[in-house]
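Here's the structure we're looking at; comments come further down.
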Amino acid sequence: MTGYAGPPRHGLDLVACSEKRYIIPMDSSKEQSAAQPNAVAATVLERIKAAVGPKGYTVDPAEIAPHCQSWRDNWHGWVPMVVKPANVDEVAAVVAICAESGTPIVPQGGNTGLTGGGQPHASGTEIIISTSRMNRVREIDILNNTMTVEAGCILAELQVAAADADRLFPLSLAAEGSCQIGGNLSTNAGGTQVLRYGNARNLVLGLEVVLPDGRIWDGLRGLRKDNTGYDLKQLFIGAEGTLGMITAAVLKLFPKPTEIQTALVAVPDPTAALALLSRASEMLGEQVSAFELIQRRAIDFVLQHVPDVTDPMAQVHPWYVLMEVFGQGEPDSLRDTVEAVLGDGLEAGEVLDAVLAANRAQGQALWKIRESIPEAQNHEGQSVKHDVSVPLSRIAEFLERADLALAAAYPGVRCVAFGHIGDGNMHYNPAQPLAADGADFAAEYGAINRIVHDLIAELNGSISAEHGLGRLRREEVLRYKSSVEMDLMRSVKKALDPDDIMNPGKVV
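Shown next as structure tokens:
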């Protein structure tokens with residue numbers, strides 16, 4: 125087992141460091157450019173302006189453009205107005221106007237999604253309602269271990285607010301420096317600590333939601349037990365803004381860890397990684413907060429394309445696990461147990477080598493490797509990205525069979541696998557062969573998806589573990605969900621949004 129002597133690092137905000145490409149119209153005047161479509165009645169726009177005041181909207185094409193363009197994958201559209209309400213009453217007023225006039229709405233948070241769920245269509249018939257001005261922490265209740273926040277709060281800022289109150293808000297993902305909690309809840313965000321704390325829906329006790337007709341549902345109750353009917357908040361979490369617009373939430377807080385151990389572990393294969401997870405869980409219980417599987421090719425991409433990253437190990441290994449353990453004891457009180465887990469794993473053949481961080485800065489350096497993978501892969505040409513999940517017991521089978529099937533269909537394909545093996549979620553991103561033409565490989569997007577997703581379905585998995593359906597998977601999901609399941613989803617949509625004004629053309 126080796127030590128780690130690399131320099132301190134800090135995690136990346138991948139949204140901030142990735143290049144954004146905005147489509148900005150030629151005419152950047154303060155009123156809507158005639159070159160862009162506008163199918164929303166002028167009277168409707170004027171009523172919205174009056175409802176939110178001069179600070180609550182923009183019709184400047186240059187200011188609108190970033191809201192209409194995704195930061196990855198080129199989802200884009202156009203709207204004649206972006207509305208930025210200051211509070212829930214203004215949101216309700218705008219939604220009521222849109223409901224009365226039949227104007228579709230695209231709710232939007234930090235615009236960091238990956239499936240086109242937060243971008244408008246190109247018709248100019250919609251408006252965007254941005255939550256960016258609704259960014260107050262309304263209350264922190266230490267005794268109840270809750271935090272009531274508005275939808276526009278940046279995730280990283282909520283983490284800081286919780287820490288300042290000597291608490292932990294555990295939701296953590298690569299875009300946390302830019303994404304907003306309303307969007308996190310609307311997409312049921314996952315991230316790196318789902319293994320211990322669960323998805324976003326597990327971190328919510330109550331919601332405030334503006335319904336498609338403009339009514340406000342105030343469900344901001346910080347109750348852990350409420351058995352008085354349907355759990356309505358769960359309808360809106362993961363609905364991607366298609367059933368209503370989340371404007372505030374009561375979030376769970378947890379004791380702030382006083383002891384953190386982080387290790388990068390070389391393992392021979394995914395089967396060994398899962399055996400190590402089982403061993404760690406038996407010896408450490410729920411203190412295992414993160415367990416990430418990383419294929420060596422992904423680390424090679426990071427070392428080649430991301431500055432100031434060094435390989436923590438002297439030898440190259442086929443697979444790695446990034447494991448993190450949280451505890452409430454004295455600093456280093458868990459170190460002996462973690463070393464015992466790794467030592468026993470070494471004797472059992474589950475571990476080939478390991479680096480156990482000596483301090484938090486070194487732990488952050490190990491996390492930088494993991495967090496830099498999406499950025500690094502962008503430099504390797506075209507890739508087809510998958511966010512899939514299967515039962516933990518089928519992960520190794522999925523990776524082996526998917527690699528073989530794609531290699532047979534596309535000789536030289538460079539499969540890249542990494543992700544949250546602790547909760548069964550893998551990011552599986554086949555990259556173009558080195559000698560291939562990028563455009564030709566991109567043209568195989570549908571065929572590659574079919575190979576991967578059909579295998580996922582065979583293994584009783586999901587084609588979208590944490591990114592959602594949006595526009596990207598809206599039609600594809602019909603192949604993998606039963607007609608009964610789709611009918612239930614459409615019935616819920618019809619009941620809550622009969623006129624289809626909330627984020628139309630997404631999810632269902």
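Under our numbering, the letters of the sequence shown match residues 125 to 632, in that order. Glycine residues also receive a C-beta, built at the ideal position from the N, C-alpha and C atoms.
Residues of its chain near residue i, where Cβ-Cβ distance is below 6 angstroms and the 5 sequence neighbours each way are ignored
{"i": "S225", "result": "V168"}
{"i": "E170", "result": "none"}
{"i": "S586", "result": "S513"}
{"i": "A566", "result": "Q506"}
{"i": "G84", "result": "In this structure the chain extends from 125 to 632, so residue 84 is not present and cannot be described."}
{"i": "R291", "result": "L377 and K380"}
{"i": "V508", "result": "P554, Y569 and I572"}
Candidates the options: closest to residue i by CA position
{"i": "H510", "options": "R339, P190, V273 and G543", "result": "G543"}
{"i": "L327", "options": "D561, H200, N259 and A373", "result": "A373"}
{"i": "N312", "options": "E609, H591, S615 and L602", "result": "H591"}
{"i": "N308", "options": "C192, V273, D288 and L335", "result": "V273"}
{"i": "V445", "options": "M626, G473, N483 and I418", "result": "I418"}
{"i": "R538", "options": "L558, I172 and F522", "result": "L558"}
{"i": "V261", "options": "S402, S254, P244 and A286", "result": "A286"}
{"i": "R403", "options": "A481, V203, D288 and E471", "result": "E471"}
{"i": "P515", "options": "L596, I545 and V508", "result": "I545"}
{"i": "R484", "options": "L466, V449 and C192", "result": "V449"}
{"i": "L408", "options": "L458, A289 and V389", "result": "L458"}
{"i": "D624", "options": "R320, T366 and A387", "result": "T366"}
{"i": "I221", "options": "G237, A166 and L593", "result": "A166"}
Local conformation of residue i per DSSP, three classes
{"i": "T167", "result": "helix"}
{"i": "V462", "result": "helix"}
{"i": "H551", "result": "strand"}
{"i": "T182", "result": "strand"}
{"i": "Y444", "result": "strand"}
{"i": "H200", "result": "strand"}
{"i": "P379", "result": "strand"}
{"i": "L388", "result": "strand"}
{"i": "Q411", "result": "helix"}
{"i": "G306", "result": "helix"}
{"i": "S254", "result": "strand"}
{"i": "E300", "result": "coil"}
{"i": "L292", "result": "strand"}
{"i": "E416", "result": "strand"}
{"i": "G467", "result": "helix"}
{"i": "L634", "result": "Residue 634 cannot be examined here, being either before or after the span of the chain that is shown, 125 to 632."}
{"i": "T311", "result": "coil"}
Contacting residues, own chain, Cβ-Cβ under 7 angstroms from residue i (five flanking each side not counted)
{"i": "V433", "result": "V426, L427, K492, I493 and S496"}
Cβ neighbours of residue i in the same chain (closer than 8 angstroms, five flanking residues each side left out)
{"i": "I575", "result": "A526, A529, L530 and A533"}
{"i": "N549", "result": "G314, V318, D511, V512, S513, G543, A589 and E590"}
{"i": "Y181", "result": "I172, K173, M205, V206, V207 and K208"}
{"i": "V440", "result": "R420"}
{"i": "E454", "result": "T382 and E383"}
Any non-hydrogen atom of the ligand COA within 7 angstroms of residue i CB
{"i": "D564", "result": "Absence of the ligand COA from the depicted structure is noted, as is the absence of any ligand whatsoever, leaving it without description."}
Review point. At a cut of 8 angstroms, does the region 244-264 reach the region 351-359 through at least three beta carbon pairs?
Key: The region 351-359 and the region 244-264 do not touch, with fewer than three beta-carbon pairs separated by less than 8 angstroms.
Practice item. Could you name each continuous alpha helix (DSSP H) segment of 4 residues or more that falls completely within the region 496-525, going from the start of the chain to the end? Key: Segments of the alpha helix (DSSP H) lying fully in the region 496-525: 497-501.
Practice item. Would you check if there are 3 or more beta carbon pairs closer than 8 angstroms linking the region 497-508 to the region 374-386? Key: Here the region 497-508 does not lie against the region 374-386, with fewer than 3 beta-carbon pairs under 8 angstroms apart.
Review point. Fully enclosed by the region 335-371, which alpha helix (DSSP H) runs are 4 residues long or longer?
Key: Fully enclosed alpha helix (DSSP H) runs of 4 or longer: 357-360.
Check your understanding: Curious, which full-length beta strand (DSSP E) runs of at least 3 residues does the region 532-608 contain?
Key -> Listed in chain order, the complete beta strand (DSSP E) runs (minimum 3 residues) inside the region 532-608 are 541-544 and 549-552.
Check your understanding: Would you call the region 333-353 and the region 597-613 in contact, with 3 or more CB pairs under 8 angstroms?
Key -> The region 333-353 makes no contact with the region 597-613; the number of CB pairs closer than 8 angstroms stays below 3.
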